[in-house]
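Q:
Residue numbers (this note's numbering): 268 to 413.
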């Protein structure tokens, strides 16, 4: 179980890095790097808490994104459209990375998931592919925005 928790935390950290990098690309006027860490910490904490402590995931994504947006808006005073563009770009590449991971994994593996202690997790190979694709898409969008 602990292996999958670590993999999930690594995935959440990569998503958090994506938020940081892409909002920074859309909001280059953020000079104080510490201030930019506050919204990303909100993103990470909300995602982690909702993943491991709240079973109903119905409103997870909208709540995480709205809280992250509000945190950016409060601490950076950047234009709302720039913050939203950065957050939405991150969501687009996560969806693309997820879809590509599922497509590739379903062709290679007979089963993509495993059940541990009554919870279903992706196999480590699937996590690794997803992480690599996240990094590739994040770098692509970051350099595209520059």
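Glycine is no exception: its CB is placed at the ideal position from the N, C-alpha and C atoms. As the structure is a prediction and not an experimental result, all values here were calculated from the model.
Three or more C-beta pairs closer than 8 Å, one from the stretch 385-401 and one from the stretch 362-370: is that the case here?
A: A contact exists between the stretch 385-401 and the stretch 362-370.
Q: Can you list, in chain order, the residues of its chain whose CB lies under 8 Å from that of residue 334, leaving out five sequence neighbours each side?
A: Here the question's residue 334 lines up with position 67 in the chain shown. Excluding residues within five positions, the ones whose Cβ falls inside 8 Å are 309, 310 and 313.
Q: State the CB to CB distance for the pair residue 225 and residue 375, rounded to an integer number of angstroms; the pair is presumed to be in contact (CB under 8 Å).
A: There is simply no residue 225 to check, as the chain begins at 268 and stops at 413 in what is shown.
Q: Just to confirm the assignment, what range does the alpha helix (DSSP H) spanning residue 387 have?
A: Counted from its first residue, the chain shown places residue 387 at position 120. From DSSP, residue 387 is part of no alpha helix (DSSP H) but of the beta strand (DSSP E) over 386-389.
Q: For the structure I just gave you, are there three or more beta carbon pairs, one from the stretch 354-365 and one from the stretch 286-295, closer than 8 Å?
A: Short answer: they touch.
Q: Mind checking which residues open and close the beta strand (DSSP E) that includes residue 382?
A: As a first step, residue 382 is located in the chain shown; it is residue number 115 there, counting from the start. From DSSP, the beta strand (DSSP E) with residue 382 extends over 380-383.
Q: Between 345, 282, 295 and 298, which lies nearest to residue 331 when the distance is taken from Cα to Cα?
A: Here residue 331 corresponds to residue number 64 of the chain shown, with the count starting at 1. Looking at the Cα atoms, 282 is the closest of the given residues.
Q: Expressed to the nearest angstrom, what Euclidean distance is found between the alpha-carbon atoms of residue 299 and residue 344?
A: Sequence index remark: in the chain shown, residue 299 carries index 32 (1-based). Sequence index remark: in the chain shown, residue 344 carries index 77 (1-based). Distance between the alpha carbons of residue 299 and residue 344 is about 12 Å.
Q: Using a Cβ-Cβ cutoff of less than 7 Å, which residues in the same chain neighbour residue 408 once the five nearest sequence positions on both sides are dropped?
A: By 1-based counting over the chain shown, the position of residue 408 is 141. Cβ neighbours of residue 408 beyond the five flanking positions: 289, 356 and 360.
Q: What's the gap between the Cα of residue 315 and the Cα of residue 329?
A: The sequence position of residue 315 within the chain shown is 48, counting from 1. The sequence position of residue 329 within the chain shown is 62, counting from 1. Each residue's alpha carbon lies about 14 Å from the other.
Q: Could you give the residue range of the alpha helix (DSSP H) that holds residue 357?
A: For the purposes of this step, residue 357 is taken as the residue at position 90 of the chain shown. That run of the alpha helix (DSSP H) goes 347-375.
Q: Given residue 383, which residues of its chain have a CB within under 8 Å of its CB, disregarding the five upstream and five downstream residues?
A: Your numbering for residue 383 matches position 116 in the chain shown. Correct list, in chain order: 268 and 271.
Q: Can you have a look at residue 394 and say buried or exposed, based on whether 16 or more other CB atoms are within 10 angstroms of its CB?
A: As a first step, residue 394 must be located in the chain shown, where it is residue number 127. With 16 or more other Cβ atoms within 10 Å, it is buried.
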